[in-house]
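Peer 1: Chains as they are written, first to last, in the numbering used here: chain A, 375 to 576; chain B, 375 to 576. Glycine included, C-beta positions come from ideal geometry on N, C-alpha and C. A quick note: this is a predicted structure, and the numbers were derived from the prediction, not measured.
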């Protein structure tokens, strides 16, 4: 069986990443989402190994020192990171693993890992992104403006990604991602083993 | 509107290229087939500008000298070639143009033209290819063997193509080609204009 691939998935806050990925994994069981590890306390509604892997700071830093984290960062005195082991287990089973990650972490992974497929989600326009952020209602006007400025910074790094999808229509966007994953498997380098097999049995 | 792209499409005799392309253009009106020019006499059932552009040898060679042929070759004292003008007209209209071509011509086009997308069709195995060639009945055993040897030569050049599709199931194969064309449009370099447009209207 062919190995699955690691897919780095980024895009600005409010662009709809969670909704896109939810739809994608619901409709395609050869794709799974990477689960982050964190040292922050587990909330009541959260599930170990589903929402996060919850680790003590010692456990987390041990994994870091043993190179068992693909990337990690500290926010608000808690560590967050991407454990390598589950990704390797799934990709060895032929499953594609999507890592939803902000652009800095994403770029670390893209530059350090071989054969990563990277996808950046764009809003159709800033006007749409602003409306989506405002519709959340939970955020003040200042926070919305901050997120829009942050979105500009993030979009300015989109050139580091292999593919750009636009979340205009959610179903089209999911179809685009499926096409990207399908096409990637058909690249010559990923079909070389198949060709060699045919040639060996002439 | 984004320009269409030129798609070079090759694969061994008997692999089912014509059937695949017929299904593809029937189900997708943003894709057209490139029409070759030839100096061989028009057969009764053939249509000018549909099956071929039928040219005199003088007309053909004039186009060659004026660099109006993407590639050309001579078989059995007749010239065959790919006129550039219709390809440019269609790609300027945003249509993707597929050029079905043997591997030598295909490689010329791939190496000379910028931004060509290239796809090579594989049989699932030599056994299947042999059966398909034998089923034609019109060819003698010698000709079938010759075509199989030629197939090996052609497949040995598949590494020059961007993508490999397998004609195991015709519908899957057409879906694979559609995914490749869709994904290609989502590559960063092809989405750069869109991103620039969003950033310019913040």
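Assuming residue 490 of chain B and residue 380 of chain B are in contact, meaning their beta carbons sit under 8 Å apart, how far apart are those beta carbons, in whole angstroms?
Peer 2: 5 Å
Peer 1: Using C-beta distances below 8 Å, list every residue in its chain close to residue 506 of chain B, excluding the 5 sequence neighbours before and after it, in chain order.
Peer 2: 388, 389, 390 and 497
Peer 1: Give me whichever residues DSSP pairs with residue 457 of chain A in a beta bridge.
Peer 2: Answer is A/443.
Peer 1: Alpha carbon to alpha carbon, how far is residue 517 of chain A from residue 477 of chain B?
Peer 2: 57 Å
Peer 1: Give the DSSP-derived three-state secondary structure of residue 476 of chain A in the structure shown.
Peer 2: coil
Peer 1: For the alpha helix (DSSP H) holding residue 502 of chain A, just list the boundary residues, first then last.
Peer 2: 500-509
Peer 1: Cβ atoms of residue 461 of chain A and residue 408 of chain A: under 9 Å apart, would you say?
Peer 2: yes
Peer 1: Rounded to a whole number of angstroms, what is the C-alpha to C-alpha distance between residue 536 of chain A and residue 493 of chain A?
Peer 2: 6 Å
Peer 1: Can the beta-carbon of residue 529 of chain B be found closer than 9 Å to that of residue 383 of chain B?
Peer 2: no
Peer 1: Report the neighbours of residue 539 of chain A on chain B: residues whose CB is nearer than 8 Å to its CB, in chain order.
Peer 2: 560
Peer 1: Residues of chain B with CB under 9 Å from residue 575 of chain A, in chain order?
Peer 2: 499, 500 and 501
Peer 1: Following a CB-centred definition, is residue 503 of chain B positioned closer than 8 Å to any heavy atom of the ligand GDP?
Peer 2: The ligand GDP is absent from the structure shown, which contains no ligands of any kind.
Peer 1: Please list, in chain order, all residues of the same chain as residue 397 of chain B whose beta carbon is under 7 Å from its beta carbon, the five residues on each side excluded.
Peer 2: 544 and 548
Peer 1: Is it the case that the region 412-425 of chain B contacts the region 562-576 of chain B, given that we only count it when at least three CB pairs across the two stretches are under 8 Å?
Peer 2: no
Peer 1: Among B/504, B/443, B/440 and B/555, which has the Cα closest to the Cα of residue 519 of chain B?
Peer 2: B/504
Peer 1: Closer than 8 Å, Cβ to Cβ, to anything on chain B: give me those residues from the region 522-539 of chain A, in chain order.
Peer 2: 522, 526, 529, 530, 532, 533, 535, 536, 537, 538 and 539
Peer 1: Entirely within the region 491-564 of chain A and at least 4 residues each: give me those alpha helix (DSSP H) ranges in chain order.
Peer 2: 500-509, 515-529 and 544-559
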